[in-house]
Amino acid sequence: MVPGTLRFEQVGPLARITLCHTHRFNAMTRLMWRELRVAFEHVQLSQDIRCVVVAGEGSHFCSGGDISEYAAFRFQEASLREFHEGDVWGGLQAMLDCDVPIVAQIAGNCMGAGVEIASCCDIRVSAQSARFGAPIAKLGFPMAPREAALVAREVGAVMARQMLLEAALFGAHDLKAAGFLSRVVDDDALDAEVQATALRIAALAPQAARMNKQTLRELNQPLAGVSSGFSHHKKVVKSTLNPYAYANSAEHREGIQAFLDKRKPAF
Amino acid sequence: MVPGTLRFEQVGPLARITLCHTHRFNAMTRLMWRELRVAFEHVQLSQDIRCVVVAGEGSHFCSGGDISEYAAFRFQEASLREFHEGDVWGGLQAMLDCDVPIVAQIAGNCMGAGVEIASCCDIRVSAQSARFGAPIAKLGFPMAPREAALVAREVGAVMARQMLLEAALFGAHDLKAAGFLSRVVDDDALDAEVQATALRIAALAPQAARMNKQTLRELNQPLAGVSSGFSHHKKVVKSTLNPYAYANSAEHREGIQAFLDKRKPAF
Amino acid sequence: MVPGTLRFEQVGPLARITLCHTHRFNAMTRLMWRELRVAFEHVQLSQDIRCVVVAGEGSHFCSGGDISEYAAFRFQEASLREFHEGDVWGGLQAMLDCDVPIVAQIAGNCMGAGVEIASCCDIRVSAQSARFGAPIAKLGFPMAPREAALVAREVGAVMARQMLLEAALFGAHDLKAAGFLSRVVDDDALDAEVQATALRIAALAPQAARMNKQTLRELNQPLAGVSSGFSHHKKVVKSTLNPYAYANSAEHREGIQAFLDKRKPAF
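Residue numbers (the numbering used here), protein chains in the order written: chain A, 15 to 281; chain B, 15 to 281; chain C, 15 to 281.
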């Protein structure tokens, strides 16, 4: 069997990160979590990427963690902590710290780790047949605190409770109604819709997008304080201290001048 | 007339708490608030309860507070404060502090105190003919700060403002759309749906459920600081300081082993 | 061309504030932002206003900021900051600080500044043909931090990201589903629905409404801390320190006595 991995591609201003572990419906291995962190740190340091798409290889987004690895580390407290705080949160935090807009392309199973990864994306587009949940109560363990905080914030407390306390599964329309998904499309329209979304984002002012993400992220700071004793992952780029330093930038001048000239801006 | 009371029943791992004050549509008396606290402190200290259902006797959930008692204490500041901070919040805080999953079974009127009690439940299942609101602006008084914070958090700010500033009433489908209700079912299917939900929860890993509730509760801590000068109710059980101490537990091992063995876990 | 202005009217307990700049679809000029602050400080100090309606003159609510003014001040950091922190936030903060219930009457375009102004209203009623968005990424600049925090809180993070990162536009039913709008009505029913709402609010206990607004506002305090270095606008009225001081008030006694007497209260 082929071990799980991440594929990173870039075409012009668009990056694409694909979770590849198809014989396990793209379940995340520890290696894949570490690769996720590396991939998003790369995006954050890049100067020319304007939008990132996260998708799963084949017909599923991500079915959760790779349970075949669990017996090796989950039953000792130290290694369990290192898994959640190091591998998993390392990947998720790198996504949350990324200033470039992220679009999730969701099909098939989006469970557990899949919901967590999608929760770090800005725009979530789903095929209508996708299925969502986090039925780990069937596996005898709770969601780690920061992961639960992240999911509850994005899917809402009511749905988070149903996922965690009932092990309930949901369809794409439920997640749209809960405010988690931006759009639900026919299964065969998913590729085109995500590509169009990414191109639309890439055509807009890139500095403004980064600043908007920094601002919206700051609203979510309480996540970091969910539980004490967490190691801090150092952020690659610090958020701006001055929200008005962009005043004299070329992008700002171009956008307003183009409007006044009644022409399309070129960012 | 029969004075209001609470009925507590337990069958196996399922507890059931029934608000009984039928000639006033289960309006909460001061005594019932105190009984609510006692009941949930009992649940929290119990070792074998895995799910609690909260319901109203007869065809209503709870129509609010028992206004016939109000003239006796509401017009003096000290006794008004004692009512809200002692009796009412004592009951609600005991529910919020309870680590066992709570299912609300909602039918008929769910008004004022009824919305507050439902707001402390994890999974809310409603009959489609149920009615919701908090029309106390017609009674000339505001919602007490912590109660308003609780309700606004659970029904959302927009609906809370309509309830409090317009004295607006809503149907079950409105509360479903607002993300407050987990499920709305036909009136005659309510009993069966709630029972099935409770059994489903009771079959899942009980330690994981408690830990998930502790985590989700921690996200809501700001509630406690809504207003200064509140007395602190001592919690029966403190939340865990170590979210990974469960690593070597039997429940955790059973869940993962059962998955690997392709059999149903026995928690 | 007629310069933009605000019109203030009062009939009995109802005030009406109209954004008047029709040849620019009621785009906000700097002067209009300052007038907005003055108008709401007046409302707050008034003793007899029980409800305020905010509407746009003609067929639009507000199309955003008046871009024709932007070249004069946006490209220097100091004047850009003064615009956002002084003019814009001065107006919005006065709305947020207002203890009197505010109803937004939304028709036509509700974009950028329009969404921000609507976000400060308690009850939002919209014509079904209204359009919503904040497509400033096309103008090359981000939303200022406190404005973005306000909008994200009211429309939800998912929709805020679509507005800011995709420059997406939405219809009234989308904003209803997102929990932003209280009601969506046929275009020709908007006037009557808003008037009925305002009259209904004005007939309820006015002291209770002010206290409820103070409580709900306190839940949103984190907004103030979104970014450092902001100047503080002094509030006209401080929120009450004692949430139970109303115990012996005439309004409280009247509401409960009327209920016990089975008559309509007169507040």
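Don't be surprised by glycine CBs; every beta carbon is placed ideally from N, CA and C.
Model, not experiment: these values are computed from the prediction.
Contact defined as beta carbons within less than 8 Å: I believe A186 (chain A) pairs with L195 (chain A). What is the distance between those atoms, to the nearest angstrom? Your numbering for residue 186 (chain A) matches position 172 in the first sequence. Your numbering for residue 195 (chain A) matches position 181 in the first sequence. With a contact defined as Cβ atoms closer than 8 Å, A186 (chain A) and L195 (chain A) qualify at about 6 Å.
So, are the CB atoms of E168 (chain C) and S133 (chain C) less than 8 Å apart? Within the third sequence, residue 168 (chain C) is the residue found at index 154, counting from 1. Within the third sequence, residue 133 (chain C) is the residue found at index 119, counting from 1. For E168 (chain C) and S133 (chain C), yes; Cβs fall inside 8 Å.
Counting only the same chain and skipping the five closest in sequence on each side, list residues whose C-beta sits under 6 Å from that of L189 (chain A). To locate residue 189 (chain A), count along the first sequence from 1; it is residue 175. Only F146, L195 meet the Cβ criterion.
Is the number of C-beta pairs between the stretch 149-156 of chain A and the stretch 107-117 of chain A that are closer than 8 Å three or more? By the Cβ rule, the stretch 149-156 of chain A does not count as touching the stretch 107-117 of chain A, because fewer than three pairs are nearer than 8 Å.
Under the rule that 16 or more other beta-carbon atoms within 10 Å means buried, what is V66 (chain C), buried or exposed? Taking the third sequence and counting its residues from 1, one reaches residue 66 (chain C) at position 52. Buried is the call here.
Report back the beta-carbon spacing between I81 (chain B) and A53 (chain B) to the nearest angstrom; my notes put them in contact at under 8 Å. Taking the first residue of the second sequence as 1, we reach residue 81 (chain B) at position 67. Taking the first residue of the second sequence as 1, we reach residue 53 (chain B) at position 39. The Cβ separation is near 23 Å, so there is no contact.
Can you give the beta carbon distance from G122 (chain A) to G78 (chain A), rounded, assuming they're within the 8 Å contact cut? Within the first sequence, numbered from 1, the residue matching residue 122 (chain A) stands at position 108. Within the first sequence, numbered from 1, the residue matching residue 78 (chain A) stands at position 64. The beta-carbon distance between G122 (chain A) and G78 (chain A), rounded to whole angstroms, is 12 Å. This is too long to meet the 8 Å contact definition.
If H35 (chain A) and T43 (chain A) are in contact, beta carbons under 8 Å, what's the gap, nearest whole angstrom? Within the first sequence, residue 35 (chain A) is the residue found at index 21, counting from 1. Within the first sequence, residue 43 (chain A) is the residue found at index 29, counting from 1. The beta-carbon separation of H35 (chain A) and T43 (chain A), rounded to 7 Å, stays under the 8 Å limit for a contact.
Could you check which residue in C:D200, C:R214, C:T19, C:V25 has the C-alpha nearest to that of D62 (chain C)? Residue numbering aside, residue 62 (chain C) sits at position 48 when the third sequence is read from its first letter. Shortest Cα-Cα distance from D62 (chain C) to any of C:D200, C:R214, C:T19, C:V25 involves C:V25.
Three-state secondary structure (DSSP) of G72 (chain B): In the second sequence, the residue the question calls residue 72 (chain B) occupies position 58. The DSSP-derived three-state label of G72 (chain B) is coil.
Are the beta-carbon atoms belonging to F89 (chain C) and A261 (chain A) less than 8 Å from one another? Here residue 89 (chain C) is taken as the residue at index 75 of the third sequence, counted from 1. Here residue 261 (chain A) is taken as the residue at index 247 of the first sequence, counted from 1. Yes, they are a contact pair.
What are the complete beta strand (DSSP E) segments, minimum 3 residues, inside the stretch 102-166 of chain A? Fully enclosed beta strand (DSSP E) runs of 3 or longer: 116-120, 123-125, 137-141, 145-147.
Sheet register partners of G193 (chain B) (DSSP bridge): Mapped onto the second sequence, residue 193 (chain B) falls at position 179. DSSP output for G193 (chain B) lists no bridge partner at all.
Do you know offhand how far A162 (chain B)'s Cα is from K276 (chain A)'s? Against the second sequence, residue 162 (chain B) aligns to sequence position 148. Against the first sequence, residue 276 (chain A) aligns to sequence position 262. So the alpha carbons of these two residues sit roughly 49 Å apart.
Rounded C-alpha distance that separates C124 (chain B) from E130 (chain B): To locate residue 124 (chain B), count along the second sequence from 1; it is residue 110. To locate residue 130 (chain B), count along the second sequence from 1; it is residue 116. Rounded to whole angstroms, the gap between the alpha carbons of C124 (chain B) and E130 (chain B) is 9 Å.
Tell me which residue opens and which closes the alpha helix (DSSP H) that I270 (chain C) is part of. The residue you call residue 270 (chain C) lines up with position 256 of the third sequence. I270 (chain C) -> alpha helix (DSSP H) spans 264-274.
Is Q142 (chain C) near D200 (chain C), with beta carbons less than 8 Å apart? For the purposes of this step, residue 142 (chain C) is identified with residue 128 of the third sequence, where counting begins at 1. For the purposes of this step, residue 200 (chain C) is identified with residue 186 of the third sequence, where counting begins at 1. In contact: Q142 (chain C) and D200 (chain C) (Cβ atoms closer than 8 Å).
Grouping DSSP H, G and I as helix and E and B as strand, with all else coil, what is R64 (chain B)? The count along the second sequence starts at 1 and reaches residue 64 (chain B) at position 50. Collapsing the DSSP output to three states places R64 (chain B) in coil.
CA-CA distance, P11 (chain B) and A259 (chain C)? Look at the range of chain B in this structure, 15 to 281, and you will see that residue 11 (chain B) is not part of it.
S241 (chain C) in three-state terms, based on DSSP: On the third sequence, position 227 is the one that residue 241 (chain C) refers to. Residue placement at S241 (chain C) cannot be trusted, given a pLDDT of 43 that sits under 50; what the coordinates show is reported in the next sentence. When DSSP states are grouped into helix, strand and coil, S241 (chain C) belongs to the coil group.
For I150 (chain A), decide whether its Cβ has a neighbour in chain C, counting only Cβ atoms nearer than 8 Å. Walking along the first sequence from the start, residue 150 (chain A) turns up at place 136. No, no contact with chain C.
Ignore the nearest five residues each way along the sequence and tell me which others in G105 (chain B)'s own chain have a CB closer than 6 Å to its CB. The residue given as residue 105 (chain B) occupies position 91 in the second sequence. Only W47, L50, R51 meet the Cβ criterion.
Using the Cβ count rule (16 or more neighbours within 10 Å means buried), how would you classify V102 (chain C)? Taking the third sequence and counting its residues from 1, the one referred to as residue 102 (chain C) is at position 88. Under this definition V102 (chain C) is a buried residue.
Alpha carbon of R38 (chain A) to alpha carbon of C76 (chain A), nearest angstrom: The residue labelled residue 38 (chain A) in the question sits at position 24 within the first sequence. The residue labelled residue 76 (chain A) in the question sits at position 62 within the first sequence. If you draw a straight line from the Cα of R38 (chain A) to the Cα of C76 (chain A), it comes to about 9 Å.
Per DSSP, what kind of secondary structure is E180 (chain C) in: helix, strand or coil? Translated into positions along the third sequence, residue 180 (chain C) becomes position 166. DSSP places E180 (chain C) in the coil class of the three-state scheme, outside both helix and strand.
Taking DSSP as the reference, what is the three-state secondary structure of V52 (chain C)? What you label residue 52 (chain C) is simply residue 38 of the third sequence in a count that begins at 1. Residue state, collapsed to three classes: helix.
Could you tell me whether the Cβ of S241 (chain B) comes closer than 8 Å to any Cβ of chain A? As a working note, residue 241 (chain B) is residue 227 in the second sequence. With a pLDDT of 43 at S241 (chain B), under the threshold of 50, the modelled position of this residue cannot be trusted; read the value that follows with caution. The beta-carbon of S241 (chain B) is placed no less than 8 Å from the nearest beta-carbon of chain A.
Could you tell me which chain C residues have their CB closer than 7 Å to the CB of R318 (chain B), listed as they occur along the chain? No statement about residue 318 (chain B) is possible, as the shown extent of chain B runs from 15 to 281 and does not include it.
Is F39 (chain C) helix, strand or coil when you go by DSSP? Here residue 39 (chain C) corresponds to residue number 25 of the third sequence, with the count starting at 1. When DSSP states are grouped into helix, strand and coil, F39 (chain C) belongs to the coil group.
Alpha carbon of R231 (chain A) to alpha carbon of R175 (chain C), nearest angstrom: Taking the first residue of the first sequence as 1, we reach residue 231 (chain A) at position 217. Taking the first residue of the third sequence as 1, we reach residue 175 (chain C) at position 161. Approximately 11 Å, taken between the alpha carbons.
Return the residue from the list A:Q119, A:A223, A:G128 that minimises the CA-CA distance to D202 (chain A). For this step, residue 202 (chain A) is matched to residue 188 along the first sequence. Looking at the Cα atoms, A:Q119 is the closest of the given residues.
Would you grab the beta carbon distance between F273 (chain A) and L20 (chain C) for me? Rounded to a whole angstrom, and I think it's under 8 Å. Reading the first sequence from its first residue, position 259 is the one you call residue 273 (chain A). Reading the third sequence from its first residue, position 6 is the one you call residue 20 (chain C). About 25 Å separates the two Cβ atoms, so there is no contact after all.
State the CB to CB distance for the pair A222 (chain A) and F281 (chain C), rounded to an integer number of angstroms; the pair is presumed to be in contact (CB under 8 Å). Residue mapping note: residue 222 (chain A) aligns to position 208 of the first sequence, counting from 1. Residue mapping note: residue 281 (chain C) aligns to position 267 of the third sequence, counting from 1. Here A222 (chain A) is actually not in contact with F281 (chain C); their C-beta atoms are around 48 Å apart, not less than 8 Å.
Taking only the alpha-carbon atoms, compute the straight-line gap between L183 (chain A) and S140 (chain A) and give it to the nearest angstrom. Taking the first sequence and counting its residues from 1, one reaches residue 183 (chain A) at position 169. Taking the first sequence and counting its residues from 1, one reaches residue 140 (chain A) at position 126. Going from the Cα of L183 (chain A) to the Cα of S140 (chain A) covers about 15 Å.
For a contact defined as C-beta to C-beta under 9 Å, what are the partners of R214 (chain B) on chain A? In the second sequence, the residue the question calls residue 214 (chain B) occupies position 200. For R214 (chain B), the chain A residues whose Cβ falls inside 9 Å of its Cβ are E180, A181, A182, in order along the chain.
Simplified DSSP state of A280 (chain B), which is helix, strand or coil: As a first step, residue 280 (chain B) must be located in the second sequence, where it is residue number 266. DSSP, read as helix, strand or coil, puts A280 (chain B) in coil.
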